[in-house]
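Its first residue numbered 2, the sequence shown is counted upward by one per residue in the working numbering.
This report concerns only the one structure given below.
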Amino acid sequence: PIGDGMGPAQPWIYPPPLNFTILKGREISGGILYYQLMNGIAGTAMPYFKRELESQKIWEVGEYVARYFIDQSDANTDPRGIDAAWEP
């Protein structure tokens with residue numbers, strides 16, 4: 002796979018899958034990928050994985066996408082989930 006969104010299921014997916022290769026060189030944070038993997042993307046075929054994968058695994062999938070398809074990573078950043086409660 003090269004991450005261009007042109008996989009075998011592409012003709013049947015609407016809206017079409019994202020072409021990760023156009024994101025090369027752009028600043029995409031690991032947190033954005035983590036959030037989208039955890040919660041999915043409404044209105045697309047992108048499912049959520051928060052019930053299937055632990056937080057650490059979701060972070061690792063995001064790192065895989067960033068490293069191999071977007072050509073960047075947060076390798077020196079500790080994985081973290083989204084806090085359940087926020088206090089100012």
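Glycine included, C-beta positions come from ideal geometry on N, C-alpha and C.
Need the endpoints of the alpha helix (DSSP H) that residue i sits in, please.
i: A51; result: Just to set this straight, residue 51 is Lys in the shown sequence, not Ala. Neither: K51 is in no alpha helix (DSSP H) and is coded neither H nor E.
i: M39; result: 31 to 40
Just checking: is the beta-carbon of residue i within a distance shorter than 8 Å of some beta-carbon in chain B?
i: L54; result: The question asks about chain B, but that chain is absent: this structure has only one protein chain.
Would you report the Cα separation of residue i and residue j, rounded to the nearest angstrom?
i: D75; j: Y15; result: Note that D75 scores a pLDDT of 49, beneath 50, so its modelled location is shaky; the value from the coordinates is reported in the next line. About 30 Å.
i: Y65; j: F21; result: 12 Å
i: Y49; j: L34; result: 12 Å
i: E28; j: G63; result: 14 Å
i: K51; j: L19; result: 20 Å
i: G44; j: P17; result: 11 Å
Using beta-carbon positions only, say whether residue i and residue j come within less than 8 Å of one another.
i: I23; j: L38; result: no
i: G8; j: F70; result: no
When the Cα of residue i is compared with those of the options, which residue comes out closest?
i: D72; options: A10, N40, G31, I42; result: G31
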